[in-house]
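Comments concern the structure below.
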Ligand code: ADP
Ligand code: 5GP
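Spelled out as structure tokens, the structure:
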């Protein structure tokens, strides 16, 4: 693994603000590119195949796993597989960019184990579980039953926050964005 390659990992319970923070970092001129994951869930309105995810059927996903095409993968929700294609990392590095991952908590820690000091693992924490519930309901992209499933995972995920390199509490969004940008800039600059 060449030493100048850096990896930024954003992980959090669903609804904590990963996507919002990832978008900010991608537009901050840091030379980061988003690692588009593969997944087997259905597309949400407005999502684009190859941009938000590579949408695969569960069968195709399993075939790619067996072929050794994924560097990490997980059944994040029952029957829904998510993972990172090795080809995606190669694609980003061939573009001369550093990789930004937006993954779940277990996936984030697995990626940190692979890249060690070349990776900065950031845990985005909601100010409270109640605030998280409100955000998911307001975002209105998931059915109530899906929201319930996502919240059920939250406690287990919050318990692993201390295993990350840094924790950012996303309470006031502007503060969280500024803190994330400062930390990532420092890490990428090697300071
Ligand atoms: P994730 O990617 O972690 O699931 P999102 O970035 O989609 O989370 O955020 C979930 C919802 O909460 C979105 O509607 C987003 O606009 C909103 N949100 C994000 N950060 C904050 C914040 N600090 N305060 C209030 N709402 C927020
Ligand atoms: P969503 O369905 O809301 O897009 O994502 C569900 C969860 O799967 C989120 O926590 C997201 O970060 C996570 N996820 C997305 N891509 C990957 C991946 O490649 N690997 C793992 N482990 N989790 C992922």
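In the numbering used here, the protein residues as written are 60 to 250. A virtual CB, placed ideally from N, CA and C, is assigned to each residue, including glycine. A quick note: this is a predicted structure, and the numbers were derived from the prediction, not measured.
Are the CB atoms of residue i and residue j nearer to each other than 7 Å?
i           : j           : result
residue 99  : residue 117 : yes
residue 168 : residue 222 : yes
residue 94  : residue 143 : yes
residue 91  : residue 159 : yes
residue 163 : residue 135 : yes
residue 131 : residue 109 : no
residue 114 : residue 140 : no
residue 195 : residue 206 : yes
residue 243 : residue 67  : yes
residue 69  : residue 181 : yes
residue 227 : residue 214 : no
residue 65  : residue 208 : no
Go ahead and label residue i buried or exposed: buried means 16 or more other beta carbons lie within 10 angstroms of its beta carbon, across all protein chains shown.
i           : result
residue 186 : exposed
residue 74  : buried
residue 241 : exposed
residue 218 : exposed
residue 157 : buried
residue 137 : exposed
residue 161 : buried
residue 203 : exposed
residue 171 : buried
residue 126 : exposed
residue 153 : exposed
residue 97  : buried
residue 199 : exposed
residue 211 : exposed
Please indicate yes or no: does the CB of residue i lie closer than 6 Å to some heavy atom of ligand 3?
i           : result
residue 133 : Ligands present in the displayed structure are limited to ligand 1 and ligand 2, and ligand 3 is not among them.
- Query: Is the stretch 229 to 238 touching the stretch 74 to 92, taking contact as three or more C-beta pairs under 8 Å?
  - Reply: In the pairwise beta carbon analysis, the stretch 229 to 238 is classified as touching the stretch 74 to 92: at least three pairs are separated by under 8 Å.
- Those runs of the beta strand (DSSP E) which lie wholly inside the stretch 186 to 242 and span at least 3 residues: Within the stretch 186 to 242, the runs of beta strand (DSSP E) that reach at least 3 residues and sit entirely inside it are, in chain order, 225 to 228.
- Report the residue ranges of all alpha helix (DSSP H) runs contained in full by the stretch 140 to 188; include only those spanning at least 4 residues, in chain order. Counting only runs of 4 or more, we get 145 to 153, 164 to 174.
- Message: Check whether the stretch 172 to 187 and the stretch 99 to 109 touch, using three or more Cβ-Cβ pairs below 8 Å as the test.
- Response: In the pairwise beta carbon analysis, the stretch 172 to 187 is classified as not touching the stretch 99 to 109: fewer than three pairs are separated by under 8 Å.
- alpha helix (DSSP H) runs wholly inside the stretch 67 to 125, at least 4 long, in chain order: For the stretch 67 to 125, the continuous alpha helix (DSSP H) assignments of 4+ residues that do not extend past its boundaries occur at 77 to 85, 117 to 125, in sequence order.
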